[in-house]
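*Asks:* Using my numbering, the letters of the sequence shown correspond one by one to residues 565 to 1192. All C-beta atoms in this analysis are idealised placements derived from N, C-alpha and C, irrespective of residue type, glycine included.
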Amino acid sequence: MDTVEEIKSRLDIAELVGSYLPLKKAGKNFKGLCPFHQEKTPSFIVSPDKQLAYCFGCHRGGDIFRFVQEVEGIDFVSALKLLAERVGVAVPEKFHVKGLPPDTRERLYQIHTVASAYFEKQLWETKGGEKVLSYLRKERKIKDDTIKNFHIGYAPDDKNGLAHELLHAGYERQDIVTSGLCISTDTTSREIIDRFRGRVLFPITNPAGMICAFGARALSPEQEPKYLNSPETPLYHKEQVLYGLSEAKMSIRQQHMAVIMEGYMDVIQAHQAGITNAVAMSGTALSRSHLQLLRRFTDTVVFFFDNDRAGIEAFKRSLPLAQSFDMNVKVLMAKEGKDPDEWIRKDPSAVISALEDAPGYMDFYFTEMRKNKEQIASTASERGRLHSRAISGNGGGDASPYIDMSEIKDEKKFLEEVLPVIARVVNAFERDRYLQKLSSLLHVASDVLYTEMRRQEGKVSPRFSTEESSHKMEIPKKPPFSIAEYLFGFIINNPDYFESVRQKIGEDDLPSPVKDVYKAFSDFYNLGHENGVDVVEVVLSRLSDTVKERAKIWSLYIEAELSGLPQEALDREFEAVLQKFIHTGVEGRKRNLLREMKVAEEQGDRKKAESIFSQYHILISEPYGKKT
565 MDTVEEIKSR
575 LDIAELVGSY
585 LPLKKAGKNF
595 KGLCPFHQEK
605 TPSFIVSPDK
615 QLAYCFGCHR
625 GGDIFRFVQE
635 VEGIDFVSAL
645 KLLAERVGVA
655 VPEKFHVKGL
665 PPDTRERLYQ
675 IHTVASAYFE
685 KQLWETKGGE
695 KVLSYLRKER
705 KIKDDTIKNF
715 HIGYAPDDKN
725 GLAHELLHAG
735 YERQDIVTSG
745 LCISTDTTSR
755 EIIDRFRGRV
765 LFPITNPAGM
775 ICAFGARALS
785 PEQEPKYLNS
795 PETPLYHKEQ
805 VLYGLSEAKM
815 SIRQQHMAVI
825 MEGYMDVIQA
835 HQAGITNAVA
845 MSGTALSRSH
855 LQLLRRFTDT
865 VVFFFDNDRA
875 GIEAFKRSLP
885 LAQSFDMNVK
895 VLMAKEGKDP
905 DEWIRKDPSA
915 VISALEDAPG
925 YMDFYFTEMR
935 KNKEQIASTA
945 SERGRLHSRA
955 ISGNGGGDAS
965 PYIDMSEIKD
975 EKKFLEEVLP
985 VIARVVNAFE
995 RDRYLQKLSS
1005 LLHVASDVLY
1015 TEMRRQEGKV
1025 SPRFSTEESS
1035 HKMEIPKKPP
1045 FSIAEYLFGF
1055 IINNPDYFES
1065 VRQKIGEDDL
1075 PSPVKDVYKA
1085 FSDFYNLGHE
1095 NGVDVVEVVL
1105 SRLSDTVKER
1115 AKIWSLYIEA
1125 ELSGLPQEAL
1135 DREFEAVLQK
1145 FIHTGVEGRK
1155 RNLLREMKVA
1165 EEQGDRKKAE
1175 SIFSQYHILI
1185 SEPYGKKT
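#1: Using only CA atoms, which one of Phe-1177, Arg-1136, Phe-1138 lies nearest to Asn-1156?
#2: Leaving out the 5 sequence neighbours to the left and right, which residues in its chain are closer than 7 Å to Ile-1056 when beta-carbon positions are compared?
#3: Look up Asp-758 in the DSSP assignment and give the residues it is bridged to.
#4: Assign Arg-759 to one of two classes, buried (16 or more other C-beta atoms within 10 Å of its C-beta) or exposed (fewer than that).
#5: What number of angstroms, rounded off, separates the C-alpha of Ala-812 from the C-alpha of Ser-1086?
#6: On the three-pair Cβ rule with 8 Å, is the region 816-828 touching the region 857-874?
#7: What are the boundary residues of the beta strand (DSSP E) that includes Val-610?
#8: So the alpha helix (DSSP H) Gly-693 belongs to, where does it begin and stop?
#9: Tell me the DSSP secondary structure of Arg-873 in three-state form.
#10: Candidates Leu-765, Asp-905, Val-805, Pro-767: which alpha carbon is nearest Gln-833's?
#11: Just verifying my parser: in three-state terms, what is the DSSP assignment at Phe-778?
#12: How big is the Cα-Cα spacing for Lys-1144 and Ser-1046?
#13: To which residues does DSSP link Met-825 through a beta bridge?
#14: Could you check the C-alpha separation between Lys-685 and Gly-717 for me, to the nearest Å?
#15: For a quick check, are the C-beta atoms of Asp-1015 and Gln-836 less than 8 Å apart?
#16: Chain B beta carbons: is any one of them nearer than 8 Å to that of Ile-1176?
#17: Between Pro-720, Ile-1146, Phe-1088, Tyr-673, which lies nearest to Lys-691 when the distance is taken from Cα to Cα?
#18: Look up Leu-619 in the DSSP assignment and give the residues it is bridged to.
#19: Please report the Cβ distance between Leu-999 and Val-1065, rounded to the nearest whole angstrom; I am assuming they are in contact, meaning their Cβ atoms lie under 8 Å.
#20: For Ser-1034, collect the residues of the same chain with a Cβ closer than 6 Å to its Cβ; drop the 5 residues on either side in sequence, then sort them by chain order.
#21: Go ahead and pull the three-state DSSP assignment for Leu-1051.
#22: How far does the alpha helix (DSSP H) with Tyr-929 in it extend, from its first residue to its last?
#23: Looking at the strands, I want to know which residues DSSP matches up with Thr-567.
#24: Would you identify the three-state DSSP class for Asn-526, choosing helix, strand or coil?
#25: Find the nearest neighbour of Arg-1018 within the set Arg-995, Ser-794, Ala-733, Val-741, judged by alpha-carbon distance.
#26: Measure how close the beta-carbons of Tyr-807 and Val-843 come, nearest whole angstrom, since I'm counting them as under 8 Å.
#27: Just to confirm, are Thr-769 and Leu-672 a CB contact at a threshold of 8 Å?
#28: Roughly how many angstroms lie between the CA atoms of Val-1163 and Arg-1170, to the nearest whole one?
#29: Skipping 5 residues on each side, what residues in its chain have a beta carbon closer than 8 Å to that of Ile-757?
#30: Helix, strand or coil, according to DSSP, for Leu-1074 in the structure here?
#31: Would you tell me roughly how many angstroms separate the C-alpha atoms of Ala-1173 and Leu-1074, rounded to the nearest one?
Here you go:
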């Protein structure tokens, strides 16, 4: 038995899911409120027989591994390790990161844990730490509980304090250097020195909550750089990690929204104020991996950045990525001349209200980005960062990020910026409404705007790449079951129905993956009946893992929706579904034949047209339900 199957055999899915949310018995299954989306009526079904947990509202879930991946926001290997530890199964080496022995990986995590404890001890128990605590408490207004919850620490200005701590704890020099926390001075000396010195330390965790890196902030204006992060290591890839996600993921799911910020202090202040769904990029720009992580928990994000050129540019860089994931994007720029950290400290309730009312990104463009000279000047004065020359358009290195709409050339500049944004909108209805709104705002005909947008669209990156499409398939947005899938849900629950189906439907009448299930039933239906074998078990064993899980979900849907009905009612429902499928197929073939016949007539091919008409006549003469 392989590791995956051994874990499945030792762990009951109802017990696992029940440790995350309340479940109620519903026949032979269990029901509960979906952990992935907000609902009042339970649509999340857990089947001990099928070892499946699935929501028919948002269409998320699967076996124990898929459920843990979704609820914890982790990849398959991490889910496997988590569940293996839960049931006491050893994880073979093939599931560890290639090129990094599993015991080395574990030691690197341990080194980070020891380092975090060391930094916290320096903060709370040393004289140097007293000054840092005073800074955090008085200047940054961070409470002690918050400091402890985020495990904020202090690295003293000591050349090798942490290095000695780790060596004394028994860790090898090479592992300490590999962790990125210490640096080897040269090839001839065995000495290693601390990377972080005289700084506030912020542990960075992966989505499972394991410390994989640190961010550090300077304590004096003379220190450069102001912010310093761990380097890329086997544990830490900054484009794949969001600061605060392990603390925020449950709130993100419950509130159906993630607040994306720029800095560690921003996130910490946000959580302290009750904005517990806030995360930040980890020393890098927003990446596809960041959005893939967030997409596990929500499809709505609010960009909450500084109200300056850097903040506006960060929003503009991030928006195309979020659009490519078809996410619901909102925008909030810090008000009253403050960055988010300062604004939250000054008026947390106002920030919470502003986040709740944050405009969508197109409304932000239509209202916030369009300003006159007086509004731009007011914003510049408020921030104290914009030079007066930039306002009048005479240069200046810190020109306003906003667009002055006083003249036609400025409106043209606005169009050049906003039309590519509209072009990237995935939904055609939304795209059309935005063009209409823009037409009203600028008093320009919508067809002119549409023509200009199409002209510029060549400059816009494609709305979907192969990678984006695969992402959307991984977490689909409420895909309906096809009539064929619904039909085979009945058959998997009661294989006797297959006899009726194969008399009326052929393999070629079905789409994938239903065709695979049909073929497996065709191959083993008679054999199973003749030998007293469980036909469904044999059929499922012949399917790929992906098709097998889909087939179980169709079956689970039938169980959940039709449980308690007498057999006669089930038979009637099955027959109605079968007839609907056949009718739909026949009507489709009729339409295709009529189109082909019209083409043949237009081309003057009378012989072909007559042949097609004969096929059409046979089709309309036969009763529905006769296999041809």
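*Replies:* Considering the structure as presented:
#1: For the purposes of this step, residue 1156 is identified with residue 592 of the sequence shown, where counting begins at 1. Closest by alpha carbon: Phe-1177.
#2: Within the sequence shown, numbered from 1, the residue matching residue 1056 stands at position 492. Leaving aside the five residues that flank Ile-1056 on each side, the residues in its chain whose CB is nearer than 7 Å to its CB run, in chain order, Val-1100, Ala-1115, Trp-1118, Ser-1119.
#3: The residue given as residue 758 occupies position 194 in the sequence shown. Note: Asp-758 sits in a beta bridge opposite Cys-746.
#4: Numbered from its first residue, the sequence shown carries residue 759 at position 195. Burial is judged here by how many other beta carbons sit within 10 angstroms of a residue's own beta carbon; Arg-759 has at least 16 and is buried.
#5: Mapped onto the sequence shown, residue 812 falls at position 248. Mapped onto the sequence shown, residue 1086 falls at position 522. If I take the Cα positions, the gap works out to 49 Å.
#6: Between the region 816-828 and the region 857-874, the count of Cβ pairs shorter than 8 Å is three or higher; the stretches touch.
#7: Taking the first residue of the sequence shown as position 1, residue 610 is located at position 46. According to the DSSP assignment, Val-610 belongs to the beta strand (DSSP E) that extends over 608-611.
#8: Walking along the sequence shown from the start, residue 693 turns up at place 129. From DSSP, the alpha helix (DSSP H) with Gly-693 extends over 691-698.
#9: On the sequence shown, residue 873 is found 309 positions in, with the first residue counted as 1. In the structure shown, Arg-873 sits in a helix (DSSP, three-state: H, G or I).
#10: Locating residue 833 in the sequence shown gives position 269, where the first residue counts as 1. For Gln-833, the closest C-alpha among the options Leu-765, Asp-905, Val-805, Pro-767 is that of Asp-905.
#11: Residue mapping note: residue 778 aligns to position 214 of the sequence shown, counting from 1. Strand, per DSSP.
#12: Here residue 1144 refers to the residue found at position 580 when the sequence shown is read from its first residue. Here residue 1046 refers to the residue found at position 482 when the sequence shown is read from its first residue. About 11 Å.
#13: The count along the sequence shown starts at 1 and reaches residue 825 at position 261. Residue pairing by DSSP puts Met-825 in a beta bridge opposite Ala-844.
#14: Working through the sequence shown from its first residue, we reach residue 685 at position 121. Working through the sequence shown from its first residue, we reach residue 717 at position 153. Near 7 Å, if we compare the C-alpha coordinates of Gly-717 and Lys-685.
#15: Start at 1 with the first residue of the sequence shown, and residue 1015 comes out as number 451. Start at 1 with the first residue of the sequence shown, and residue 836 comes out as number 272. According to the sequence as given, residue 1015 is Thr; it is not Asp. Their beta carbons are not under 8 Å apart, which means Thr-1015 does not touch Gln-836 by this criterion.
#16: Checking the listed chains, one finds no chain B in this structure; it contains a single protein chain.
#17: As a working mapping, residue 691 is identified with position 127 in the sequence shown. It is Pro-720.
#18: As a working mapping, residue 619 is identified with position 55 in the sequence shown. Reading the sequence as shown, one finds Cys at residue 619 and not Leu. DSSP, once it has assigned bridges, lists Phe-608 as partnering Cys-619.
#19: For this step, residue 999 is matched to residue 435 along the sequence shown. For this step, residue 1065 is matched to residue 501 along the sequence shown. So it is not a contact: roughly 48 Å between Cβ atoms.
#20: As a first step, residue 1034 is located in the sequence shown; it is residue number 470 there, counting from the start. Confidence at Ser-1034 is low in this model, with a pLDDT of 33, below 50, so its placement is unreliable and the value that follows should be read with caution. No residues qualify anywhere along the chain.
#21: Counting from 1 along the sequence shown, the entry for residue 1051 is found at position 487. Helix.
#22: Here residue 929 refers to the residue found at position 365 when the sequence shown is read from its first residue. Looking at the DSSP string, the run of the alpha helix (DSSP H) that includes Tyr-929 is 925-931.
#23: To locate residue 567, count along the sequence shown from 1; it is residue 3. For Thr-567, which the question treats as bridged, DSSP gives no partner whatsoever.
#24: Because the chain here runs from 565 to 1192, residue 526 falls outside it and cannot be looked at.
#25: Residue 1018 sits at position 454 when you count from the first residue of the sequence shown. Put simply, of Arg-995, Ser-794, Ala-733, Val-741 the residue whose alpha carbon is nearest the alpha carbon of Arg-1018 is Arg-995.
#26: Mapped onto the sequence shown, residue 807 falls at position 243. Mapped onto the sequence shown, residue 843 falls at position 279. Yes, Tyr-807 and Val-843 are in contact; Cβ-Cβ is about 6 Å, under 8 Å.
#27: Sequence index remark: in the sequence shown, residue 769 carries index 205 (1-based). Sequence index remark: in the sequence shown, residue 672 carries index 108 (1-based). The answer is no: Cβ separation not under 8 Å.
#28: Within the sequence shown, the letter at position 599 stands for residue 1163. Within the sequence shown, the letter at position 606 stands for residue 1170. Within the model, the alpha-carbon separation for Val-1163 versus Arg-1170 is close to 10 Å.
#29: Locating residue 757 in the sequence shown gives position 193, counting from the first residue. Around Ile-757, the same chain offers Lys-723, Asn-724, Ala-727, Cys-746, Ile-747, Thr-749 as residues with beta carbons nearer than 8 Å, after the five sequence neighbours per side are excluded.
#30: Translated into the one-based positions of the sequence shown, residue 1074 becomes position 510. Here Leu-1074 sits in coil by DSSP.
#31: Sequence index remark: in the sequence shown, residue 1173 carries index 609 (1-based). Sequence index remark: in the sequence shown, residue 1074 carries index 510 (1-based). Linking Ala-1173 to Leu-1074 through their CA atoms gives a straight-line distance of about 27 Å.
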